[in-house]
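Below: the structure, in structure tokens.
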Amino acid sequence: MWYLMENVQRSYTLSERLLDAIGVTSLTSCIGGKNEKLVVEDLLREGADVNQAHGTFVPIHSACMMGNTEIVAILLKWGADVNQLDGFHRSALHYAVEKSGDCTQMLLQAGAETESRDLNRNTPLHWAAFRNRADCCRLLLQFHADVNARDRNDDTPLSWAAMKGNLESVRVLFEYNAQPDVMSHARMLPLTRVGILLNGGLYTDEDETCFELLTRGMGRIELRVRRAENPDALLLPLLLSRDVKLSGRLLDLCSAPRSLKTLTRFAVRRALGPTHLPSVIPLLRLPPSLRDYLLLEY
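Quick note: the sequence shown uses UniProt numbering, first residue 1, plus one each step.
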């Protein structure tokens, strides 16, 4: 019995040192004169448990947090569980997509679940879109991540990208036919999110382009709500009403009928469902100009 307890304690201590090594040696070139990879491999050979959590931290999560592909590769070789959840109910993939395309690809090839949810039901794709890691968004979608996954607030990855004006991520999500008309519990569309960004006044040309792209992707547009002070009228939310010029643009979008051409584009894209549109649309017997139109090029 004493022998077993001693072995458990030894393994736990080694695993704690492993976690420390990943956290420290990912930022420095060596510990005690040893290369970081050698330190980690030595600890694993001595009996460190590659999946042992300490507090909220797990070894492979820490390596992904650092974007350290070499350490991630070693941990995977020693049997790290790619779908283990840490104390925040996050998988290693949640961390990898914020930091490294290479780490993301390694985890996906090792069987990481794209639909893993954290405590707020956010998927890795939500976080990749929020951090504007368009490369990681593309990898996740290539591995069949749900492009329209909804978090606890019913926000999609497109909404998360829009709230930061992350143009490159919005483009990738639209390539995989993200739905731009999904409304959150707070009655916000992705277009509302980027509208709030523009309404703040401190926006870039990229934010404006993001707004135009989201407008192109929509069918009928309705951003107005019934406000408590005037429940009989449809008005823009207060967050969209501060900038007179912008609110005028938004009211025009809401009140003017969309063209039949625009509504048809929206209907065709909706009918195609979640798919990689640049691969599917060229198969349609359409003139090149109409294909480009369906792909939101203009």
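Note that the Cβ used here is the ideal one computed from N, Cα and C, for glycine as well.
Is residue i buried or exposed, if buried means 16 or more other CB atoms sit within 10 Å of its CB?
{"i": "histidine 144", "result": "exposed"}
{"i": "cysteine 30", "result": "The predicted position of cysteine 30 is uncertain, since its pLDDT is 45 and thus under 50; a value taken from the coordinates is nonetheless stated next. Exposed, by the Cβ-count rule."}
{"i": "arginine 285", "result": "exposed"}
{"i": "tyrosine 95", "result": "buried"}
{"i": "tyrosine 298", "result": "exposed"}
{"i": "leucine 27", "result": "Residue confidence is low: leucine 27 scores 41 on pLDDT, short of 50, so the model does not pin down where it sits. No coordinate-derived value is stated."}
{"i": "glutamine 142", "result": "exposed"}
{"i": "histidine 185", "result": "exposed"}
{"i": "threonine 56", "result": "exposed"}
{"i": "asparagine 199", "result": "buried"}
{"i": "serine 169", "result": "buried"}
{"i": "asparagine 122", "result": "buried"}
{"i": "leucine 107", "result": "buried"}
{"i": "asparagine 153", "result": "exposed"}
{"i": "glycine 87", "result": "exposed"}
{"i": "glutamate 229", "result": "exposed"}
{"i": "asparagine 233", "result": "It should be noted that the sequence gives alanine, not asparagine, for residue 233. By the 10 Å Cβ count, alanine 233 comes out exposed."}
{"i": "glycine 201", "result": "exposed"}
{"i": "serine 100", "result": "buried"}
{"i": "alanine 256", "result": "exposed"}
{"i": "glutamate 36", "result": "buried"}
{"i": "glycine 33", "result": "Any reading at glycine 33 must be qualified, since the residue scores a pLDDT of 42, below 50, and its modelled position is unreliable; no value is offered."}
{"i": "asparagine 68", "result": "buried"}
{"i": "threonine 204", "result": "exposed"}
{"i": "arginine 187", "result": "exposed"}
{"i": "valine 244", "result": "exposed"}
{"i": "serine 62", "result": "buried"}
{"i": "proline 59", "result": "buried"}
{"i": "aspartate 292", "result": "exposed"}
{"i": "alanine 267", "result": "exposed"}
{"i": "asparagine 83", "result": "exposed"}
{"i": "leucine 167", "result": "buried"}
Provide the residue span of the beta strand (DSSP E) that contains residue i, from first to last.
{"i": "arginine 133", "result": "Here arginine 133 belongs to no beta strand (DSSP E), and DSSP marks it neither H nor E."}
Using only CA atoms, which one of the options lies nearest to residue i?
{"i": "leucine 139", "options": "Ala178, Asn177, Met65, Val97", "result": "Val97"}
{"i": "alanine 48", "options": "Met65, Ala80, Gly67", "result": "Ala80"}
{"i": "arginine 249", "options": "Ala228, Lys261, Leu223, Leu263", "result": "Leu223"}
{"i": "glycine 111", "options": "Ser62, Ala92, Ala21, Arg220", "result": "Ala92"}
{"i": "leucine 119", "options": "Arg45, Leu18, Leu85", "result": "Leu85"}
{"i": "glycine 195", "options": "Phe211, Leu202, Met183", "result": "Phe211"}
{"i": "alanine 149", "options": "Gly165, Leu167, Ala128, Asp135", "result": "Ala128"}
{"i": "aspartate 42", "options": "Ala53, Ile22, His61", "result": "Ile22"}
{"i": "arginine 270", "options": "Leu295, Leu253, Pro287, Leu246", "result": "Leu295"}
{"i": "glycine 219", "options": "Leu213, Thr104, Leu263", "result": "Leu263"}
{"i": "glycine 130", "options": "Pro190, Leu240, Arg17, Ile71", "result": "Note on residue identity: the sequence assigns phenylalanine, not glycine, to residue 130. Of the candidates Pro190, Leu240, Arg17, Ile71, the one whose C-alpha sits nearest the C-alpha of phenylalanine 130 is Pro190."}
{"i": "glycine 273", "options": "Leu253, Pro180, Ala53, Thr69", "result": "Pro180"}
{"i": "isoleucine 74", "options": "Met65, Arg90, Asn83, Val50", "result": "Val50"}
{"i": "leucine 251", "options": "Asp207, Lys37, Pro237, Met66", "result": "Pro237"}
{"i": "glutamate 113", "options": "Asp102, Asp146, Arg133", "result": "Asp146"}
{"i": "threonine 215", "options": "Cys254, Val58, Lys245, Arg242", "result": "Cys254"}
{"i": "tyrosine 176", "options": "Pro288, Ile281, Arg258", "result": "Ile281"}
{"i": "valine 182", "options": "Asp205, Ser62, Leu158", "result": "Leu158"}
{"i": "leucine 197", "options": "Gly217, Ser259, Ala161", "result": "Ala161"}
Look up residue i in the DSSP assignment and give the residues it is bridged to.
{"i": "histidine 54", "result": "Phe57"}
{"i": "arginine 227", "result": "Asn230"}
{"i": "leucine 235", "result": "Val225"}
Flag residue i as yes if its beta-carbon sits less than 7 Å from any beta-carbon of chain C, otherwise no.
{"i": "alanine 134", "result": "Chain labels in this structure do not include chain C; a single protein chain is all it has."}
What is the residue span of the alpha helix (DSSP H) that residue i lies within?
{"i": "phenylalanine 266", "result": "260-272"}
{"i": "glycine 101", "result": "101-109"}
{"i": "alanine 73", "result": "69-77"}
{"i": "valine 280", "result": "277-280"}
{"i": "valine 147", "result": "Premise fails: valine 147 is in no alpha helix (DSSP H) and is neither H nor E."}
{"i": "glycine 47", "result": "Where glycine 47 is concerned, there is no enclosing alpha helix (DSSP H), given that its DSSP letter is neither H nor E."}
{"i": "proline 287", "result": "Taken as a continuous stretch (DSSP letters only), proline 287 belongs to no alpha helix (DSSP H), as it is neither H nor E."}
{"i": "serine 247", "result": "244-255"}
Residue ranges of each beta strand (DSSP E) within the stretch 163-229, 3 or longer
225-227
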